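First up is the structure itself, then whatever we jot down about it.
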Amino acid sequence: MEERTFRIGPIRPPSEAQSLLLQVTNGCTWNKCKFCQLYRHTRFKAYSADSIKADIDNMVFHAERVNKYRQSDGSWDIEGINRELMAGSEEYRQCFYMVANWLVNGGENVFLQDGNTTALSSGRLSEVLIYLRQAFPQIKRITSYGRAENLSRVSAEEFAELKAAGLDRIHSGFESGSDAVLQRINKGVTAEQEIIAGKNIKAGGIELSVYFMPGVGGHDLTKENGEGMAHVINAINPDFIRIRTAVVKPGTELYEDFCSGQFTLCSDDEKLMEIRTVIERAHDIDTRLVSDHIVNLLQGVKGSLSTDREKMLAYIDEYLEKPDEDRRIYQALRRMGRLVSPNQMGRISREEQEQIKRMSSETPDQYEWEIRMNELMCRYI
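In the numbering used here, the protein residues as written are 220 to 600.
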């Protein structure tokens, strides 16, 4: 059996779980954000168009093998696919599985990896996009990560060219819209650059999904973090704002700042108030707020900032008005991965709730409690 493989990068957004992953760059061009350690030991590399095309050809090879298991009624011989997954090297099986999972789930969306794929010249990226769509004509959406600092140097006309070549959406980790917070986390970008990048992307006809990280500025900059992000969102009107609650993880410079006392953790209530500020200050925009990650305390806070604003604010306020002990119990259960929303508390046994109460009583200091919750969240990042 011919073992043809292709590169697969380490991450993708949760919304791209069923997407085909095409790696066009390796690592991150900046690689200095204090909260991130993902690419610390990876030197950035932008692959050649020919190299990426070769990976696409190998994806086509796997797709042809997978399609042999498509039955006349359109269903799939899953047992046959699983048998093939037992053959070949580990790398081959990973590639075959990715293409099989993609096709079985519709084969519609592709995500370009790694952390800053728009660092490729627009001409090279356009060449790849055209080749990819020719190889798989059924593709409905192609999405990419992009670093705001790089994106701010791309004109609206260049984004329009990328759109014409087949790029539909860009995800960008803004994290904050406050220059003070951006400097603290060494993001290497300014709020003004974020706004320029966002406006040019939208003007070029590409969907924009930005990420907001409540709590990343710490306790003393919590007000600035929420207000700054609200300002940026209002200036751009992105299609999506995705919530990624800050987690201070060992191995990062932000954790070192925390250990040395230079960074004070936000409470979960403060993080929620930052999100509330963004929602409350949204004006004349139809951005959709998305909360699709396990590190977010209230995943039910989601919807259009135009039509669902009052509903989202009420959801947050209802939680914040609960007694301190009730919020602690939910917070711990959520951080343990036991719940998605406060409405599910009825599923938790009295014994388990009493166990959390004992844990809470053993940690009377609120800041020590937040430290324990941060430790629990480190498992998910």
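Idealized CB from N, CA, C, for every residue including glycine. The structure displayed is predicted, hence computed values, not measured ones.
Item, Value
"Per-residue DSSP class, three states only, for residue 337", "helix"
"Reduced DSSP category for residue 352 - H, G, I as helix; E, B as strand; rest coil", "helix"
"Delimiting residues of the alpha helix (DSSP H) encompassing residue 328", "Run containing residue 328: none in the alpha helix (DSSP H); it sits in the beta strand (DSSP E), 328–332."
"Meets three-Cβ-pair contact criterion under 8 Å: the stretch 303–310 and the stretch 335–344", "no"
"Length of the line joining the Cα atoms of residue 447 and residue 289", "51 Å"
"Nearest-angstrom Cα separation, counted from residue 333 out to residue 284", "26 Å"
"Per-residue burial, residue 292 [other beta carbons within 10 Å of its own, 16 or more giving buried]", "exposed"
"7 Å Cβ shell around residue 488 - same chain, five flanking residues per side excluded", "539"
"Limits of the unbroken alpha helix (DSSP H) element including residue 377", "375–384"
"Residue 364 in three-state terms, based on DSSP", "strand"
"Three-way DSSP call (helix, strand, coil) for residue 324 in this model", "coil"
"Cβ-based neighbour list, residue 420, same chain, cut-off 7 Å, excluding 5 preceding and 5 following", "370, 378, 389 and 427"
"Residue range of the unbroken beta strand (DSSP E) whose run includes residue 242", "239–242"
"Alpha-carbon spacing of residue 506 relative to residue 460, whole angstroms", "7 Å"
"Assigned exposure category for residue 286 - 16 Cβ within 10 Å defines buried", "exposed"
"Bridge partners - residue 430, DSSP secondary structure assignment", "461"
"Span separating the alpha-carbon of residue 509 from that of residue 222", "39 Å"
"Range covered by the beta strand (DSSP E) that runs through residue 452", "Premise fails: residue 452 lies in the alpha helix (DSSP H), 441–455, not in any beta strand (DSSP E)."
"Sequence-distant residues of the same chain with beta carbon closer than 7 Å to residue 407, five excluded per side", "249, 251 and 368"
"Beta-carbon spacing of residue 468, residue 314 below 7 Å", "no"
"Alpha-carbon spacing of residue 401 relative to residue 568, whole angstroms", "42 Å"
"Whether residue 449 touches residue 526 by CB criterion (7 Å)", "no"
"Residue 242 burial status per 10 Å Cβ neighbour count (16 or more: buried)", "buried"
"Secondary structure of residue 295, DSSP reduced to three states", "strand"
"Buried versus exposed call for residue 429 [16 or more other C-beta atoms within 10 Å across all chains shown]", "buried"
"Three-state secondary structure assigned by DSSP to residue 390", "strand"
"Short Cβ contact (7 Å threshold) for residue 166 with residue 362", "Since the displayed the chain opens at 220 and closes at 600, residue 166 lies outside it and no answer follows."
"Span of the beta strand (DSSP E), counted from its first residue to its last, around residue 285", "Looking at the DSSP string, residue 285 is not in any beta strand (DSSP E); the run it does join, the alpha helix (DSSP H), is 268–286."
"CB-CB length for residue 463 against residue 432, believed under 8 Å", "5 Å"
"Residue from 541, 530 and 441 whose Cα sits closest to the Cα of residue 521", "530"
"Reduced DSSP secondary structure (H/G/I, E/B, other) of residue 236", "coil"
"Coil, strand or helix - residue 468 by DSSP", "coil"
"Beta-carbon contacts of residue 474 that lie in its chain and below 8 Å, excluding the five residues immediately before and after", "467 and 468"
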